[in-house]
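Protein chains in written order, with my numbering: chain P, 1 to 236; chain Z, 237 to 652.
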């Protein structure tokens, strides 16, 4: 009994500890880190920008900083329309948006396992051919022409396409077609998305989301790919 | 030769003198333009007269009102589409009387009921500044107002009820700081446009000045500046108020919603003296009404259920930043215990912060703000009501419980 007392006392002290500083000392300061500052992003994009279970909220981690910055500015200024994002970023200055972009670009959380495809092998094959070769008949350039043969993206403005879910990819292609997502002119993706049929979008989204995550997530160097069309977001 | 020199001498002297005079005038002009630019910031002209991604001061911003949409006007010095042909008299006439140069009536979305308090000297400085900015050729867009509000003569009635022209008259019994603060808050700052309730006729009554009200269309509640139970600043220190106005964050709370816009575009640019003066005046507005002692009403069955549902949600989603007992980590994670903004009769703002989250504005004093995540997609209406009820009634807070229906209605609120 006598021996148990100190043990119980220590236990009680341990429980009481988290409350004690809050009441007797001035409140703590928020951690002086970018991670603490961007907690607002975590409920949709994950604490490390890895994405969440919601299929419409994309992974942010490891995308080129220039691309992320362009998206943040486009959301703030209403050029890319999604009210919750437009609202959150409305009063943040360029310099800070740049820091937020660099923060997420620098993170490398593990990729989720690719989704098992829910479409037929014919559709997957159509998706693969659009991604790698494009469609000469309808004038669709291959995704790999700008996003790289490994689809890892190119600095500074072109994102990687792996680790995203089919719903997100098809929603973005739809956004370009309907004008809720726009970029600097010439808005290359608006042109490309306009050339795709509904079936093409489905095939591309299914194929991309079925690909395994890259072992070495890295971007192609600026200017290293001969881009098939001019793009306002990608300075040459 | 000497004769010619003699003849030239006066000319030379005159030239030298006039160069000197021109320099002095240039300096005077520069000072005037700087003053005008500063006052235009204090009046937050840019917020309404610049469209998103539009040219500065070229207008065209749609402003939704309960009476239809008003498009703001071009106030650049372009002679055809802006105010390039206006004289300083005409500009003052607009600021002071709400009338266009041709005598036409201005819709009171332009806060001339506040700007009427601006002195002629300050109006002239703003005029000089607006003459100096790059002219932009951009036609004003027609307002899209519903019948009968599209009839401008209705403004005559509005003016009779709600408008009294007159420059600010200093109160000799008050300090210089108080008077300067009153001039800025009541005049250029046009704080009363939101912080005084707007009635069904779109007017605000002087007797209810700064008593707070729901901002039409935006679904944010602009709290009372006269009651310490709301945003009255009677028991805030001057430093807490100046931090709030200038940096957007303070030990007592952070700005959010429409107030974030005001700090971002206007208040962060005011100098130490003016910010302090506004703080002195605002603090004085609420003097004498001390906060009520925390009441402990017996919770009804529903509200006690909400509180017991709310605590686990709070511990899981909120306590990490706002602390287990609501003390927060000021200034970046605001305290929730004893936070006036959370206990106000209107729960609109507290519910919306939980639904939508938010970032305080990035300012010179707080360039890298901390953000609050949105929870609209993670919490059900019941959960939002429960956690807001828990926060409004815990740690000595004396707010009323909120219902799931209130939470649900605010999901549809316009975000921006």
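Built from N, CA and C at the ideal position, the CB exists for glycine as well.
At which residues does the alpha helix (DSSP H) containing residue 477 (chain Z) begin and terminate? Taking the first residue of the second chain as position 1, residue 477 (chain Z) is located at position 241. Element bounds for residue 477 (chain Z): 474-482.
Mind checking which residues open and close the alpha helix (DSSP H) that includes residue 96 (chain P)? Taking the first residue of the first chain as 1, we reach residue 96 (chain P) at position 96. Start and end: 94-106.
Beta-carbon proximity of residue 417 (chain Z) to residue 513 (chain Z), cut-off 8 Å: Locating residue 417 (chain Z) in the second chain gives position 181, where the first residue counts as 1. Locating residue 513 (chain Z) in the second chain gives position 277, where the first residue counts as 1. Yes; because the gap between Cβ atoms is below 8 Å, this pair is in contact.
I'd like to know whether the C-beta of residue 611 (chain Z) is nearer than 8 Å to at least one C-beta of chain P. Here the question's residue 611 (chain Z) lines up with position 375 in the second chain. Yes, residue 611 (chain Z) lies at the interface with chain P (some Cβ there is under 8 Å from its Cβ).
Quick check on residue 301 (chain Z): does DSSP put it in helix, strand or coil? On the second chain, residue 301 (chain Z) is found 65 positions in, with the first residue counted as 1. DSSP places residue 301 (chain Z) in strand when its eight states are reduced to three.
Label residue 648 (chain Z) either buried or exposed according to how many other C-beta atoms from any shown protein chain fall within 10 Å of its C-beta, with 16 as the threshold for buried. Looking up residue 648 (chain Z) in the second chain gives position 412. Exposed is the call here.
Determine the contact status of residue 210 (chain P) and residue 151 (chain P), defining contact as a CB-CB distance below 8 Å. Locating residue 210 (chain P) in the first chain gives position 210, counting from the first residue. Locating residue 151 (chain P) in the first chain gives position 151, counting from the first residue. No, the pair does not count as a contact, with Cβ atoms beyond the cut-off.
Would a C-beta distance cut-off of 8 Å place residue 609 (chain Z) and residue 39 (chain P) closer than the cut-off? Here residue 609 (chain Z) refers to the residue found at position 373 when the second chain is read from its first residue. Here residue 39 (chain P) refers to the residue found at position 39 when the first chain is read from its first residue. Their beta carbons are under 8 Å apart, which means residue 609 (chain Z) touches residue 39 (chain P) by this criterion.
Roughly how many angstroms lie between the CA atoms of residue 665 (chain Z) and residue 410 (chain Z), to the nearest whole one? Nothing can be reported for residue 665 (chain Z), as the shown portion of chain Z is limited to 237 through 652.
Classify residue 261 (chain Z) as buried or exposed, calling it buried when 16 or more other Cβ atoms lie within 10 Å of its own Cβ. Your numbering for residue 261 (chain Z) matches position 25 in the second chain. So residue 261 (chain Z) ends up on the exposed side.
Same chain, Cβ closer than 6 Å to residue 599 (chain Z), five either side skipped, listed in chain order: Here the question's residue 599 (chain Z) lines up with position 363 in the second chain. Excluding sequence neighbours, residue 599 (chain Z) sits near 483, 484 and 504.
Neighbour list for residue 96 (chain P) in chain Z, Cβ cutoff strictly below 8 Å: Within the first chain, residue 96 (chain P) is the residue found at index 96, counting from 1. Going along chain Z in sequence order, the residues near residue 96 (chain P) (Cβ under 8 Å) are 598, 603, 604 and 605.
Quick check: the segment 212-232 of chain P against the segment 169-180 of chain P, are there 3 or more CB pairs under 8 Å? no
C-beta neighbour in chain P for residue 377 (chain Z), strict 8 Å: Walking along the second chain from the start, residue 377 (chain Z) turns up at place 141. Answer no: the Cβ-Cβ gap between residue 377 (chain Z) and chain P never drops below 8 Å.
So what does DSSP say about residue 218 (chain P), is it helix, strand or coil? For this step, residue 218 (chain P) is matched to residue 218 along the first chain. Three-state DSSP puts residue 218 (chain P) in coil, outside helix and strand.
Residue 646 (chain Z) CB to nearest chain P CB: under 8 Å? Here residue 646 (chain Z) refers to the residue found at position 410 when the second chain is read from its first residue. No, because no Cβ of chain P sits closer than 8 Å to the Cβ of residue 646 (chain Z).
How would you list, in chain order, the residues of chain P whose beta-carbon sits under 7 Å from the beta-carbon of residue 594 (chain Z)? As a first step, residue 594 (chain Z) must be located in the second chain, where it is residue number 358. Correct list: 88.
So, residue 293 (chain Z) versus residue 369 (chain Z), is the Cβ gap smaller than 8 Å? Indexing the second chain from 1 puts residue 293 (chain Z) at position 57. Indexing the second chain from 1 puts residue 369 (chain Z) at position 133. Against a cut-off of 8 Å, the Cβ pair of residue 369 (chain Z) and residue 293 (chain Z) comes out as a contact.
For the candidate residues Z:406, Z:597, Z:468 and Z:423, whose alpha-carbon lies nearest to that of residue 94 (chain P)? The residue given as residue 94 (chain P) occupies position 94 in the first chain. The shortest Cα separation from residue 94 (chain P) among Z:406, Z:597, Z:468 and Z:423 belongs to Z:597.
Residue 38 (chain P) versus chain Z: which residues are under 8 Å apart at the beta carbon? Position 38 of the first chain, counted from the first residue, corresponds to residue 38 (chain P). By Cβ distance, chain Z contributes 607.
According to a CB-to-CB cut-off of less than 7 Å, which residues of the segment 483-509 of chain Z neighbour chain P? 496, 497 and 500
Residue 599 (chain Z) in three-state terms, based on DSSP: Position 363 of the second chain, counting from 1, holds the residue named residue 599 (chain Z). Residue state, collapsed to three classes: strand.
Coarse secondary structure for residue 176 (chain P), derived from DSSP in three states: Counting from one through the first chain, the residue named residue 176 (chain P) turns up at place 176. In the structure shown, residue 176 (chain P) sits in a helix (DSSP, three-state: H, G or I).
Suppose only complete runs of 4+ residues qualify. What are the alpha helix (DSSP H) ranges in the segment 357-418 of chain Z, listed by chain order? 390-398
Where residue 187 (chain P) meets chain Z, residues with beta-carbon distance less than 8 Å: Indexing the first chain from 1 puts residue 187 (chain P) at position 187. Those do not exist, as residue 187 (chain P) stays about 14 Å from chain Z at its closest Cβ, beyond 8 Å.
What is the DSSP secondary structure of residue 121 (chain P), reduced to helix, strand or coil? Here residue 121 (chain P) corresponds to residue number 121 of the first chain, with the count starting at 1. Of the three classes helix, strand and coil, the one that applies to residue 121 (chain P) here is helix, per DSSP.
Starting from residue 288 (chain Z), find everything on chain P with Cβ-Cβ shorter than 7 Å and list it in chain order. By 1-based counting over the second chain, the position of residue 288 (chain Z) is 52. The answer, in chain order, is 77 and 78.
Closer than 7 Å by C-beta to residue 494 (chain Z): which residues in its own chain qualify, once you throw out the five before and the five after it? Chain order, please. What you label residue 494 (chain Z) is simply residue 258 of the second chain in a count that begins at 1. So the qualifying residues of the chain are 430, 451, 454 and 456.
Run through the DSSP bridge pairs and tell me what residue 606 (chain Z) is partnered with. What you label residue 606 (chain Z) is simply residue 370 of the second chain in a count that begins at 1. Paired residues: none, contrary to the question.
Where the alpha helix (DSSP H) through residue 65 (chain P) begins and ends: In the first chain, counting from the first residue as 1, residue 65 (chain P) sits at position 65. Note, residue 65 (chain P): alpha helix (DSSP H), 65-77.
First through last residue of the alpha helix (DSSP H) which encompasses residue 549 (chain Z): The sequence position of residue 549 (chain Z) within the second chain is 313, counting from 1. Segment 537-553, the alpha helix (DSSP H) holding residue 549 (chain Z).
Three-state secondary structure assigned by DSSP to residue 325 (chain Z): On the second chain, residue 325 (chain Z) is found 89 positions in, with the first residue counted as 1. Residue 325 (chain Z) falls in the helix class under three-state DSSP.
Is the separation between the beta-carbon of residue 377 (chain Z) and that of residue 492 (chain Z) shorter than 8 Å? On the second chain, position 141 is the one that residue 377 (chain Z) refers to. On the second chain, position 256 is the one that residue 492 (chain Z) refers to. Their beta carbons are not under 8 Å apart, which means residue 377 (chain Z) does not touch residue 492 (chain Z) by this criterion.
How many whole angstroms separate the CB atoms of residue 639 (chain Z) and residue 622 (chain Z), which I take to be in contact at a CB cut-off of 8 Å? Counting from 1 along the second chain, the entry for residue 639 (chain Z) is found at position 403. Counting from 1 along the second chain, the entry for residue 622 (chain Z) is found at position 386. Their Cβ separation, rounded to whole angstroms, is 10 Å, which puts residue 639 (chain Z) and residue 622 (chain Z) out of contact at 8 Å.
For residue 233 (chain P), the three-state DSSP class (helix, strand or coil): Sequence index remark: in the first chain, residue 233 (chain P) carries index 233 (1-based). Coil, per DSSP.
Would you check if the distance between the CB atom of residue 372 (chain Z) and the CB atom of residue 312 (chain Z) is smaller than 8 Å? Numbered from 1 along the second chain, position 136 holds the residue referred to as residue 372 (chain Z). Numbered from 1 along the second chain, position 76 holds the residue referred to as residue 312 (chain Z). Their beta carbons are under 8 Å apart, which means residue 372 (chain Z) touches residue 312 (chain Z) by this criterion.
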